[in-house]
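UniProt numbering applies: residue 1 is where the sequence shown begins, and numbers increase by one.
In this text, a Cβ means the ideal position worked out from N, Cα and C, and glycines have one as well.
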Amino acid sequence: MSEMHSILCHMNIVLEDGSTAESTRSSGKPARFNVGDESLSPAFEAEIINLKQGDKHSFTLQSADTFGESNPDAVHHMDRSRFPADMALEPGVIVSFSGPGGSEIPGMVRDVVGDSVTIDLNHPLAGQVLTFELEVVQVL
1 MSEMHSILCH MNIVLEDGST AESTRSSGKP ARFNVGDESL SPAFEAEIIN LKQGDKHSFT
61 LQSADTFGES NPDAVHHMDR SRFPADMALE PGVIVSFSGP GGSEIPGMVR DVVGDSVTID
121 LNHPLAGQVL TFELEVVQVL
């Protein structure tokens with residue numbers, strides 16, 4: 001196995017319908033991937049391990065190799081009264097919950113029916129087939 005290193009790259013994450021879910025170009029801040037520390041899935045790491053500065057590389061991965069499958073246990077139905085009265089709750093809105101140790105857990109509103117709000121705590125890209133378009137800025 002090669003030694004650990006990091007790859008700094010601009011990245012677009014493209015959904016199956018061709019729309020861009022995320023782009024580091026919009027923020028101007030490249031993404032950093034650590035190779036060899038097991039923070040990436042083996043399939044993702046295999047795609048980037050040999051990239052060099054200036055390389056452009058596109059690849060598509062199944063959800064199990066990126067943000068995981070969508071877990072139905074992470075979808076919760078909550079009463080409207082648990083949210084601030086002035087909060088706009090509609091599908092697609094991201095809300096934040098307090099997690100253990102003061103961490104924040106983002107959730108997405110999936111549906112609002114009467115006083116019942118459906119919140120999905122899965123990663124927004126869970127369960128999706130994703131195409132990664134990378135352009136390597138630097139290998140560290």
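How would you write the range of the beta strand (DSSP E) that residue i sits in, first residue to last?
i    : result
S23  : 20 to 23
P106 : 104 to 113
N122 : Here N122 belongs to no beta strand (DSSP E), and DSSP marks it neither H nor E.
E133 : 130 to 139
S98  : 94 to 98
M11  : 5 to 14
M78  : 75 to 79
Within 10 angstroms of its Cβ, does residue i collect 16 or more other Cβ (buried), or is it exposed?
i    : result
G119 : The sequence shown places Ile at residue 119, rather than the Gly named in the question. The residue is buried, with at least 16 neighbouring Cβ atoms inside 10 Å.
I94  : exposed
E69  : exposed
L140 : exposed
D115 : exposed
T24  : buried
Measuring only the C-alpha atoms, how far is residue i from residue j?
i           : j    : result
H77         : P106 : 15 Å
residue 198 : V113 : Residue 198 lies beyond the residue range present for the chain, which begins at 1 and ends at 140; the question has no answer from this structure.
E90         : F33  : 34 Å
Q123        : A64  : Note that residue 123 is His in the sequence shown here, rather than Gln. Their backbone Cα atoms lie some 12 Å apart in a straight line.
F132        : S39  : 17 Å
E3          : V35  : 8 Å
L130        : F83  : 32 Å
residue 144 : Q62  : Only positions 1 to 140 of the chain appear in the structure, and residue 144 is not among them; the question remains open.
T20         : I13  : 6 Å
G127        : T66  : 9 Å
Q125        : E22  : It should be noted that the sequence gives Leu, not Gln, for residue 125. Those two C-alpha atoms are separated by around 10 Å.
G99         : L121 : 11 Å
A88         : E104 : 19 Å
V136        : E16  : 23 Å
D37         : S6   : 10 Å
E47         : F59  : 7 Å
S111        : D86  : Note that residue 111 is Asp in the sequence shown, not Ser. Distance between the alpha carbons of D111 and D86: 17 Å.
V75         : G102 : 21 Å
G28         : V117 : 35 Å
So, under 8 Å CB-CB, residue i and residue j are touching, yes? Tell me the CB distance rounded to an integer number of Å.
i  : j   : result
C9 : A31 : 6 Å
4-residue-minimum alpha helix (DSSP H) runs that sit fully inside the stretch 19 to 73, ordered along the chain: Listed in chain order, they are 24 to 27, 42 to 48.
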